[in-house]
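Trainee: With our numbering applied, the sequence shown corresponds to residues 7 to 375, in that order.
We put the CB at the ideal spot given by N, CA and C, even for glycine.
Before I ask anything, let me first share the structure, which is written out below as C-alpha cells.
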Amino acid sequence: MQTVSVALGARSYDVRIGPGLIDRAGALISPLLRRPRVAIVTDDTVAGLHLAPLQAALDASGIAHQTVILPAGEATKGWAGLARCTEGLLEARVERRDLVLALGGGVIGDLAGFAAAILRRGVRFVQLPTTLLAQVDSSVGGKTGINTAQGKNLVGAFHQPSLVLADTAALDTLPARDLLAGYGEVVKYGLLGDAAFFDWLEVNGPRLAAGDAAARLQAVTRSVQMKAEIVERDETEEGDRALLNLGHTFCHALESATGYSDRLLHGEGVAIGCALAVELSARLGLCSQEDPGRVRAHLRAMGMKTDLADIPGDLPGPDGLLDLMAQDKKVIDGRLRFILMRGIGQAFVSADVPPEAVRTLLADALAGR
C-alpha cells in the first residue's frame, strides 16, 4: 500500500493506494468514527461488484451501515440525483458527526461529496473510488458538485474528504472502455507537469491497460502525488490548480453537446481535449509542431478517442461549441482561460487566446469528421 498525504492544515488527509483496500475498509475507517455507524452511497452497477465486500469489512469491525443506491451514469449527477441522495442520507438519520462513504466512480464521489457538504451544513465523508478516473483525479482535492442544463460542475462546493481509499484491485472489474477513459486523466498529468512521467506512460501504458498491477499502482500513485502537490498550493483554484483543467475546457463543452451521455465518457472528452489543447498550443507557436502528433500517437496506441471524428452522432458547429465553452467555470470577467503548453510537461494558464484561433481549430476538427 502506498500513502500520499494531502497537507491542508486542519483539513489534511491521506490517500491510501493499493489492492485489497475495500476488504480492509472497516479497520482503516474505524479511527475516524465518533460512533460505529456509517452511510454508504453507491450506484447500482458498483453495488453489484463491491458493496458486499465493503459491508463485510464494516461488519468485521463492528460498524453499522445503511446504503443509498442510485442509478449508474452521468445523468444521475444532477438536481434530481442530488435530492435523492440527500434525502436518502437524511432518511438514514446521518448525523453531523457521522461519516458518509462514497463508493464508486467520479459521479458518485462528486455527488455524495456535495450531499455531505450541504447535509446538516457539513458532514465528513470518505472516498472509495472504484474507477481509474476517480482514483487519479476526482476523489482527491475536495471538488464536489453536480451538472446543470447550463454546463458541467457549475453547482458545487469545496469539501475535502477525511480519507481516500483507492483500491487498485477494483480496476480489474472495469470494462475496457471505462479503464481507457480514466487513462485520459493519467496522461493529463504527464502533459501538464511531468515529461518523464509521460515518457514512462508511452512505454508502460499498454501494460497498465492489459492489467499489470504494478504499472497501475505506479500510475495511480504518481498521478495522486502530482494532484496533491497542486491542491496543497492552491486548494480553491485561484492559480496553479487551474492546470488540472488541461483539456477540460474542450471536454466540458463536448460533454454538454452530447448530453452527458454514453456517446462520450468524461475521460474520453479529457483525452480529446488534451489533444486539442496541444494542437492549439502548436498553432499559437508555443510548443513544437511535433508535440500534437506525439500525443495523438500515444492515445491512438492505447486505443483511445483522440479527435472529434471519434465521437458518434452530430455535434454543434464551432460557434455552438464556443457558446458552450463560454459557460465554463474558468471564465473570469467574460474571458475564457485555456491551459496551454510550451512543451510536454510544461503547461500554463492563459487568458490571452484569440477566440478566432479557437474557432478555426474547432472548425478544422469538425471538418475532419
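Name the DSSP beta bridge partners of THR9, please?
Mentor: DSSP lists ARG22 as partners of THR9.
Trainee: Can you tell which of GLN141, ARG130, ALA108 has the C-alpha that lies nearest to the C-alpha of LEU180?
Mentor: Minimum Cα distance to LEU180 is reached at GLN141.
Trainee: Which partner residues of GLN295 appear in the DSSP bridge assignment?
Mentor: Paired residue(s): none; GLN295 is not in a bridge.
Trainee: How big is the Cα-Cα spacing for TRP330 and VAL230?
Mentor: The sequence as given places Leu at residue 330; Trp does not occur at that position. Approximately 30 Å between the Cα atoms of the pair.
Trainee: Out of curiosity, what's the CA-to-CA distance linking ARG41 and VAL10?
Mentor: Those two C-alpha atoms are separated by around 26 Å.
Trainee: Which residue marks the beginning of the alpha helix (DSSP H) containing SER287, and which one marks its end?
Mentor: Unbroken alpha helix (DSSP H) run through SER287: 272-289.
Trainee: Measure the C-alpha to C-alpha separation of ILE345 and ASN251 and round it to an integer number of angstroms.
Mentor: Near 7 Å, if we compare the C-alpha coordinates of ASN251 and ILE345.
Trainee: When you compare only the Cα positions, how much space is there between SER18 and ARG247?
Mentor: Between SER18 and ARG247, the C-alpha separation is close to 17 Å.
Trainee: Report the start-end ranges of each beta strand (DSSP E) in the region 300-364 that is 3 residues or longer and not cut off at the edges.
Mentor: As far as the region 300-364 is concerned, its whole beta strand (DSSP E) runs of at least 3 residues are 344-347, 353-356.
Trainee: Can you tell me whether ALA81 is helix, strand or coil according to DSSP?
Mentor: Here ALA81 sits in helix by DSSP.
Trainee: Is the Cβ of GLY68 closer than 8 Å to any Cβ of chain D?
Mentor: Of the chains in the structure shown, none is chain D; there is only one protein chain.
Trainee: What are the boundary residues of the beta strand (DSSP E) that PRO135 is part of?
Mentor: Residues 130-135.
Trainee: Please classify PRO298 as buried or exposed, where buried requires at least 16 neighbouring CB atoms within 10 angstroms.
Mentor: Classification for PRO298: buried.
Trainee: Just list the residues that DSSP pairs PHE164 with in beta bridges.
Mentor: Beta-bridge pairing links PHE164 to LYS149.
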